[in-house]
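Following: one structure in structure tokens, then a few remarks.
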């Protein structure tokens, strides 16, 4: 099965959680909006599906995944679908629900990261909501972020500390948590430097995932977009106290 | 199977999406935190599990569901688990993923409803973030809410308009969308009066779900908490222009 991932071509964003799973599994996939219009890809192909009124299961927003005739939306739902197919989650229902529960908690954290620089409207620029962002980012870094990181650190500690979130084997949730830590270290370097000593297992998980051969190759490749000021993880020094 | 739902005892909140599914199915369940401490329920029972470091699958926050020995967290994940067991979603994987995709989009909308009155910090009072809430609610009612409602209206229209989101049969997603419309009509009556004519199928779905015998009985019972100013759907006239 060759998959087609549809996501904005210039940012890591929510699409990155899907890319990391596909890359770790060595799956065949097209990152459609980054492809060439000469190959029926590029942004027109994304917008064509997003604007279509002919789809049986229309997505609300990117990312969405095409798998044969199926189109599946919502990041965590795509990973729920892909996880068993890519060998990135155990077979039993209990493990799959637990992985998904953790993924949804990661999704909640990600929304709060986004809103730390866009607390008023995603349709406005950061500069148009900067005073509000200063307030929200202060609460995020002081209260919400430590609560989320503490939760994941405790889960890793309970597993012995040198394993993965679900136990001894890597799952797609570890790839997503890697991305969260990478993004936080980019966006909030001062905050993360302060929080790192209390979360050694999270930081070690980040390094362990980054060192996996396929992930290391992906991160070093042109397929990995850089963090930038259009994505979810943005570095504004004034928000990182 | 008798289920135990753990959620804050004084608000509808995210727990209401689980309550509606259990009620429609006529399931046996305890709304634990609303029970008596003499029956080992009440808030102490909720806090005991939430603070425990002995759980194999610890939830990040309420709601969570106990089903025998299992504890499952995250609202959409609980419905993913309950849906097939309560007969509230078709059996095939495609339908279940589609239902879950819609549920996650409802969850995204719900977060935006919450942030319309709490754009800075959930730990602060509304009165401490009122200027920011005025800005965020303006964008929410003018831009984000119509985008979400338009999406669900189109899905209902495509199904013929007098059915449910997945087709002819009710699913847990319809119950959740009912709750969204009910909450929006409470929190934003002026906005919803203006939006209703363009979304007749959503408004009809709301009425159709409310008239289902078990849902009607539930809504008329003491088990249904009222909307209030501590929940997600709050009526502040100044936010509803």
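Residue numbers (the numbering used here), protein chains in the order written: chain A, 1 to 241; chain B, 1001 to 1241.
For every residue, glycine included, the Cβ atom is placed at its ideal position computed from N, Cα and C.
In this text the structure is predicted, and so the values were computed from the model without any measurement.
| Check | Outcome |
| --- | --- |
| Taking buried to mean at least 16 other C-beta atoms within 10 Å of its own C-beta, is residue 3/A buried or exposed? | buried |
| When you compare the stretch 1133-1152 of chain B with the stretch 1110-1119 of chain B, are there three or more beta-carbon pairs, one atom per stretch, that lie closer than 8 Å? | yes |
| Looking at residue 1115/B and residue 1140/B, is the spacing between their C-beta atoms short of 9 Å? | yes |
| Per DSSP, residue 1064/B is paired with what? | 1006/B and 1073/B |
| Does the contact criterion of 3 or more C-beta pairs under 8 Å hold for the stretch 1078-1093 of chain B versus the stretch 42-58 of chain A? | no |
| Compare the Cα-Cα distances from residue 31/A to each of 11/A, 180/A, 5/A and 193/A and report the closest residue. | 5/A |
| Are residue 113/A and residue 187/A touching if we call contact CB-CB under 9 Å? | yes |
| In chain A, which residues lie with their C-beta within 9 Å of the C-beta of residue 1117/B? | By Cβ distance, chain A contributes nothing, its closest Cβ being about 13 Å from residue 1117/B, past 9 Å. |
| Is the CB-CB distance between residue 88/A and residue 156/A below 9 Å? | no |
| Strictly below 8 Å CB to CB, what residues from chain A border residue 1077/B? | 97, 100, 101 and 104 |
| Using a Cβ-Cβ cut-off of 6 Å (strictly less than) and excluding sequence neighbours within five positions of residue 164/A, which residues of its own chain qualify? | 170 and 174 |
| Assess, as a yes-or-no matter, whether the stretch 1008-1026 of chain B is touched by the stretch 218-225 of chain A under the definition of 3 or more beta carbon pairs within less than 8 Å. | no |
| May I ask which residues mark the beginning and end of the alpha helix (DSSP H) holding residue 1057/B? | Unbroken run through residue 1057/B: none, as it is neither H nor E. |
| Should residue 202/A be flagged as near chain B, meaning a C-beta pair shorter than 9 Å? | no |
| Counting only beta-carbon separations shorter than 9 Å, does residue 1258/B have a partner in chain A? | The structure shown does not extend to residue 1258/B, since chain B spans only 1001 to 1241, so no value can be given for it. |
| Would you call the stretch 224-239 of chain A and the stretch 9-16 of chain A in contact, with 3 or more CB pairs under 8 Å? | yes |
| Here's a check: name, in chain order, each residue in its chain whose Cβ is nearer than 6 Å to the Cβ of residue 190/A, leaving out the five neighbours to either side. | 240 |
| Report the neighbours of residue 81/A on chain B: residues whose CB is nearer than 9 Å to its CB, in chain order. | 1093 and 1097 |
| I'd like the ranges of any beta strand (DSSP E) spanning at least 3 consecutive residues and lying wholly in the stretch 151-207 of chain A. | none |
| For the alpha helix (DSSP H) holding residue 139/A, just list the boundary residues, first then last. | 130-139 |
| I want to see whether chain A comes within less than 9 Å of residue 1010/B, judged by CB atoms only; does it? | no |
| Using a C-beta cutoff of 9 Å, does residue 1151/B count as contacting chain A? | yes |
| Work out the CA separation of residue 158/A and residue 19/A for me, nearest whole Å. | 28 Å |
| Please say whether residue 105/A and residue 1060/B have beta carbons closer to each other than 9 Å? | yes |
| Can a CB atom of chain A be found closer than 9 Å to the CB of residue 1229/B? | no |
| Please list the residues of the stretch 1046-1070 of chain B that have a C-beta atom closer than 8 Å to any C-beta atom in chain A, keeping them in chain order. | 1053, 1057, 1058, 1059, 1060 and 1070 |
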